[in-house]
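S.K.:
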Amino acid sequence: MNHPEKKYDAIVVGGGHNGLVAATYLARAGKTVLVLEACAEPGGATTSVKPFPEYDARLSRYSYLVSLLPDQIVTDLGIRFRTLERPVASYTPYRRDDREDGLLVAAEWDAATAASFRRLTGSDREGKAWREFYREIAGLARRLAPTMLQPLRSASKLKAELGLPEVWRSLMEVPIGDVIRERFGDDLVQGVVLTDALIGTFVSADDLQANRCFLYHLIGNGTGQWRVPQGGMGALVAELLRVATIAGVEIKPHSKVTALESGPAGVRVETSSGTRYVAKDLLFAAAPQHLARLRGRPEPQSLEGSQLKINMLVTRLPRLKSGVDPRLAFAGTFHVNESFSQFEAAYARARGGEMPLPLPLEMYCHTLTDPTILSPELVAKGFHTLTLFGLHTPASLFDADPAGAKALAGTRAIASLNQYLVDPLESVLAPCRDGSAAIEVKSPLDLEKDISLPRGNIFHRDLDFPFLDEDDTAVTDRPRWGAETDDPHIYLAGAGARRGGGVSGIAGHNAAMAVLANALSGSSAQSLSTCVQTGLAKSSCSARLDAAERIRTLPRAPARPLRNAS
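According to this note's numbering, the stretch in the sequence shown is residues 7 to 572, in order.
1) Going by Cα to Cα distance, which pick from 24, 490, 94 is closest to residue 330?
2) Output needed for residue 12: all residues of its chain with C-beta closer than 6 angstroms, excluding positions within five of it in sequence on either side, in chain order.
3) Would you mind working out which of 432, 109, 304 sits nearest residue 193, comparing C-alpha positions?
4) When you compare the region 223-237 with the region 145-153, are there three or more beta-carbon pairs, one atom per stretch, that lie closer than 8 angstroms?
5) Can you give the beta carbon distance from residue 272 to residue 286, rounded, assuming they're within the 8 angstroms contact cut?
6) Could you name the residues of the same chain whose beta carbon sits closer than 6 angstroms to that of residue 131, not counting the 5 residues immediately before and after it, in chain order?
7) Does the beta-carbon of residue 535 have 16 or more other beta-carbons within 10 angstroms, so that it is buried, or is it exposed?
8) To the nearest angstrom, report how far apart residue 318 and residue 236 are at their CA atoms.
9) Only counting the same chain, and skipping five residues up and downstream in sequence, which positions put a Cβ closer than 7 angstroms to that of residue 326?
10) State buried or exposed for residue 260, treating a residue as buried only when at least 16 other CB atoms are found within 10 Å of its CB.
11) Once the 5 residues before and after residue 504 are set aside, which same chain residues still bring their CB inside 6 angstroms of it?
12) State the CB to CB distance for the pair residue 312 and residue 468, rounded to an integer number of angstroms; the pair is presumed to be in contact (CB under 8 angstroms).
13) From 118, 136, 224, 241, pick the residue whose C-alpha is nearest to that of residue 53; which is it?
14) Quickly, what does DSSP pair residue 271 with across the bridge? List them, please.
15) By a C-beta neighbour count over all protein chains shown, 10 Å radius and 16 as the cutoff for buried, is residue 531 buried or exposed?
16) Near residue 2, what residues of its chain come up, given a Cβ to Cβ distance below 7 angstroms and the 5 sequence neighbours on each side ignored?
17) One question on the structure: do residue 266 and residue 275 come within less than 8 angstroms of each other, judged by their Cβ atoms?
18) Report yes if the C-beta distance between residue 128 and residue 120 is below 8 angstroms; otherwise report no.
19) Can the beta-carbon of residue 385 be found less than 8 angstroms from the beta-carbon of residue 416?
20) Taking the continuous alpha helix (DSSP H) assigned at residue 251, which residues delimit it?
21) Taking just the CA atoms, how far does residue 212 sit from residue 17?
22) Would you be able to state if there are at least three C-beta pairs under 8 angstroms between the region 501-516 and the region 25-40?
23) By Cβ distance below 7 angstroms, which residues in the same chain neighbour residue 491 in space, the five residues on each side in sequence not counted?
24) Candidates 105, 338, 451: which alpha carbon is nearest residue 111's?
25) Starting from residue 355, follow the alpha helix (DSSP H) in both directions and report where the run begins and ends.
26) To the nearest angstrom, how far is it from the Cα of residue 410 to the Cα of residue 216?
27) Just the C-alpha distance for residue 154 and residue 263, rounded to the nearest angstrom, thanks.
28) Three-state secondary structure (DSSP) at residue 542?
29) If you compare alpha carbons, which of 51, 40, 15, 60 is closest to residue 439?
30) With 16 other CB atoms within 10 Å as the buried threshold, where does residue 324 fall?
31) Nearest-angstrom Cα distance between residue 356 and residue 452?
32) Under 8 angstroms between the Cβ atoms of residue 398 and residue 352?
33) For residue 389, name the three-state secondary structure that DSSP assigns.
34) Checking the sheet assignment: what are the DSSP bridge partners for residue 369?
35) What does the alpha-carbon distance come out to for the pair residue 302 and residue 246?
36) Under 8 angstroms by Cβ, that's how I've got residue 176 and residue 476 pegged, so tell me the actual separation to the nearest angstrom.
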């Protein structure tokens, strides 16, 4: 311990998107902030890499699309980050009565989408049910999304504020599987709806955990629309680093926290280098399981991660047996083996310890919407990236033989995809110098090893509904943000916080607000939140804040709100 202790107002553990968002909000509020990142570079799951060195293609290795990142955070922090709208929501190939076809769903309902539903089901009933269902979801999303950056309400209060009791019941109280079976009659249509409830979540359609996953996938920015990050996820990381640096945040890579102490006055941490730092507050932007370990507490039990991630570079898009233009089919989310019955069968098989066959999966092509992640030379040659997710592949399936199970999962994923292709995937993969193909497979165990996701769980732990249970609404003189722990100086700022799942920054924002609110009370804390978010000058806020806690607004980077590409 030859290093002197360095003191800060706040220490943020974890330099991913949530940690950087939290740090920037605090620094803009006048706090001295240190970010400790264990890896060589910040970014966590949102980094972009060149997985195939001979090709100038930067892929978002662990995460891909953006829905939940609120426009408000982008504007508040002056982030120059753009997301691009996809013209196609999804395409699902199928074979019925020896006929190859596909269910096409455009981003905006149109004649082609209506005709696609009609060919699949023989009538307009399912198409009408689809429009009614998602119209209801959109209404809820518009009202619920703004509350994600506000103090938590109780379930009863939020339900009353939203004013949509039947939609609330369908999403919060009744298993989503029951709702889907009641609203839709076709097995394939049911499965396309269900997919948003299962990404990263190893449960049956009849488990309310699926409802929570479904909700988080469909409320982003009040639209639920999933968009392509221009420049890849690395562009988001670069912007977060830029605004954090402007705000005065100090960022230290290669700084894995190995010890943590907390007392009445604050916290002390020690890193792998032996350096100690002290601060009044600590915001933990990594998994709560790691926090529990540092504190010597029992780790929270949670579901295993269950997604297989496959990144590919292809010399051209493969043709489909349905005859649809590949540039249309792969522009949105491409679903394979994801009917309702196939999902449930795959879950039962995986729960029994077997790799699902057929394997449910979905895929999309980033470069059809945003070719900037490829060099101009690769674009000119017609190269594309493909990103594939396999579902119901829990970490336990990989424990006994990690390499063998990963190879099996990859083989089954490709075989599942090839059912619907004229050109087998192997025939279009870009060749590498060593004789291999440009494809990499990441299992849940890889996600745990590479980016410290417990058992590969992309949400860190089981998702919560975005409200407080009625028995968890103790009277308090300050708002609850879902970041608080049993220690008044330690906050959850990552995906494991309440309202934390997804690439959203919401957990980082809310942890920062909880820290700032902790020194204030009631309405003053809400005023503080407003001041930080809107970037008001210190003098403009002072009348609304306690004298002990006033805003010092640092020079902010020029803001560029999110805009659609179209």
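Quick reminder that beta carbons are idealized off the backbone N, C-alpha and C, glycines included. If you're wondering where the values come from, they're calculated on a predicted model, not measured in any experiment.
M.R.: Reading from the atomic positions:
1) Of 24, 490, 94, the residue nearest in Cα terms is 94.
2) 283
3) For residue 193, the nearest C-alpha among the options comes from 109.
4) Because the criterion of three Cβ pairs below 8 angstroms is met, the region 223-237 and the region 145-153 touch.
5) About 4 angstroms separates the Cβ atoms of residue 272 and residue 286, confirming a contact at the 8 angstroms cut-off.
6) none
7) Bear in mind that the predicted position of residue 535 carries a pLDDT of just 48, short of 50, making it unreliable; the figure below should be weighed with that in mind. Residue 535 should be labelled buried.
8) 18 angstroms
9) 99, 332, 335, 426, 427, 428
10) exposed
11) Taken in chain order, the residues that qualify are 470, 488.
12) No, residue 312 and residue 468 are not in contact; Cβ-Cβ is about 12 angstroms, not under 8 angstroms.
13) 241
14) Partner(s): none; residue 271 has no beta bridge.
15) Caution is warranted here: a pLDDT of 45 is assigned to residue 531, below 50, making its placement in the model unreliable, and no coordinate value can be reported.
16) The structure shown does not extend to residue 2, since the chain is modelled only from 7 through 572, so no value can be given for it.
17) yes
18) no
19) no
20) 239-253
21) 41 angstroms
22) yes
23) Non-local C-beta neighbours of residue 491 in its own chain, meaning closer than 7 angstroms and more than five positions away in sequence, comprise 497, 498, ordered along the chain.
24) 338
25) 346-357
26) Approximately 29 angstroms, taken between the alpha carbons.
27) 29 angstroms
28) Low confidence applies to residue 542: its pLDDT is 34, below 50, so where it sits in the model is not reliable, and the reading given next is rough at best. In the structure shown, residue 542 sits in coil (DSSP, three-state: anything other than H, G, I, E or B).
29) Put simply, of 51, 40, 15, 60 the residue whose alpha carbon is nearest the alpha carbon of residue 439 is 60.
30) buried
31) 18 angstroms
32) yes
33) coil
34) 340, 394
35) Between residue 302 and residue 246, the C-alpha separation is close to 32 angstroms.
36) Between residue 476 and residue 176 the Cβ distance is about 20 angstroms, and since that is not below 8 angstroms, they are no contact.
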